[in-house]
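All residue numbers for the sequence shown refer to the numbering used here, where the first residue is 16 and numbers rise by one. Cβ coordinates follow ideal geometry from the N, Cα and C atoms, glycine included. Comments concern the structure below.
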Amino acid sequence: MMRLPLLVRVLRDPAAVRGLDGVGWDLLLRQADAANLDAFLLVLVEDAGLLDAVPAGPRAHLEWTRTGAAGHARAARYEVRQISKALDGLGVPLILLKGAAYALAGLDAGRGRLFSDIDILVPKARLAEVEAALMMHGCITTHHDAYDQRYYRQWMHELPPMQHARRGNSIDVHHAILPETARVRPDPDSLRACARPIPAEPGLATLAPADMVLHSAVHLFFDGEFDKGLRDLVDLHRLLGEFGAQPGFWDALPARARALQLGRPLFYALRYCPRLLGTVVPPAVQAAVALDGPRGPLLWLMDRLFERALLPLHPSCADAFNGPARFALYVRGNWLRMPPLLLAQHLFHKAFITKHNESQTA
């Protein structure tokens with residue numbers, strides 16, 4: 016395993032900030048910014064009781080992130096309530112996903128967690144009504160290319176991304192957590208049936224704890240882009256830490272993963288969270304999910320790929336193999352989400368036709 020970057024060492028043990036000089040703090044803050052974890056770094060240091068030990072310059076930077084994160088949280092809550100108001104009367108259960116779910120449900124993973132989109136899950140049969148209601152309240156599609164519209168509506172697990180015309184906030188309306196064309200298809204009806212209401216937010220819900228972990232694992236390990244890979248791994252670390260204290264969570268997690276055909280992404284989550292972040296996972300659970308993981312040379316290869324791609328996208332965290340590792344995982348992510356012929360057609364269209372059209376209109 017590669018030597019862990021400074022940021023990862025601090026995430027594992029916040030006391031590692033003690034004794035950092037100006038150069039060390041500069042590197043830590045740059046790595047945190049590259050990983051979109053600077054606001055969480057403040058939470059981590061403050062929870063460890065180490066904020067007073069931070070030198071004045073870095074502390075001022077961290078305190079600035081507090082203001083930004085607080086404003087971000089207020090804006091997210093406002094936007095979620097506007098979405099809820101837009102859909103009021105449709106009788107559609109509004110299930111929040113990812114960052115919005117963590118923030119609105121008051122989870123530990125929401126503290127210092129910045130996100131650019133509000134992600135919601137609705138029944139596929141109600142997509143047209145939901146889209147129309149959002150458009151009536153000022154939301155517009157952000158993808159006007161005819162191919163992109165067909166790509167999302169025919170093959171993907173969500174509508175083309177929407178954006179409020181005045182406020183500029185982005186909304187992703189999902190009907191599933193993986194595309195229609197993916198090699199595995201977790202049942203969205205089962206996810207919705209197990210959703211949990213948010214006590215302080217009438218009309219809003221999140222996925223059940225195990226499903227929230229599995230969705231986070233799918234989002235990270237089925238995707239092909241890892242620019243925020245460490246941030247997403249930290250999400251998993253924090254979710255597992257909070258939910259792992261609940262009775263029965265660990266016992267139910269492997270079985271739920273298999274029921275949803277998500278044993279492989281859970282295996283990766285429970286492998287790389289401990290290896291990189293020191294997450295504590297019961298040995299019996301590790302043994303149970305090992306049955307769903309790769310073995311031998313393939314596991315060796317995946318370790319080499321993921322342990323590079325999950326590091327901050329910063330020059331100090333890279334070696335000569337980071338670029339090839341990220342590219343290999345990008346190809347893998349697309350391979351998992353599309354059958355070969357469709358993937359070839361899609362990549363050809365994006366590489367040649369879309370680029371040609373963009374150059375013609377530039």
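If you count every other CB in all the chains shown that lies within 10 Å of the CB of residue i, and 16 or more means buried, which is it?
i	result
H371	Low confidence applies to H371: its pLDDT is 49, below 50, so where it sits in the model is not reliable enough to give any reading.
Y283	buried
C288	buried
Y117	buried
S374	Only weak support is given to the placement of S374: the predicted model assigns it a pLDDT of 47, under 50, and the question is left unresolved by the model.
T376	Only weak support is given to the placement of T376: the predicted model assigns it a pLDDT of 42, under 50, and the value that follows is read from those uncertain coordinates. Counting Cβ neighbours within 10 Å, T376 comes out exposed, since fewer than 16 surround it.
G225	Before going on, a small fix: residue 225 reads as Ala here, not Gly. Under this definition A225 is a buried residue.
G244	buried
A75	exposed
F130	buried
L306	exposed
S331	exposed
Along the beta strand (DSSP E) that carries residue i, what are the first and last residues, could you check?
i	result
Q178	177-179
T221	219-221
Which first and last residues belong to the alpha helix (DSSP H) in which residue i is found?
i	result
H230	224-236
I213	Careful: I213 lies outside any alpha helix (DSSP H) and carries neither H nor E.
E257	244-258
L59	53-62
L362	355-363
T80	71-102
Q301	298-305
L129	Counting along the chain, L129 falls outside any alpha helix (DSSP H), and DSSP gives it neither H nor E.
D67	Looking at the DSSP string, D67 is not in any alpha helix (DSSP H), and its letter there is neither H nor E.
A324	311-324
D163	161-165
A284	278-287
So, helix, strand or coil for residue i, using DSSP?
i	result
A270	helix
E173	strand
C154	strand
A333	coil
A120	coil
E240	coil
R24	helix
D1	An answer regarding residue 1 cannot be provided, because it is not within the stretch 16 to 377 covered by the chain.
R18	coil
E144	helix
R341	helix
L328	coil
In this structure, what does DSSP give as the bridge partners for residue i?
i	result
I135	L111, V188
Measure the Cβ-Cβ separation of residue i and residue j and say whether it is below 8 Å.
i	j	result
V188	M177	yes
E257	L122	yes
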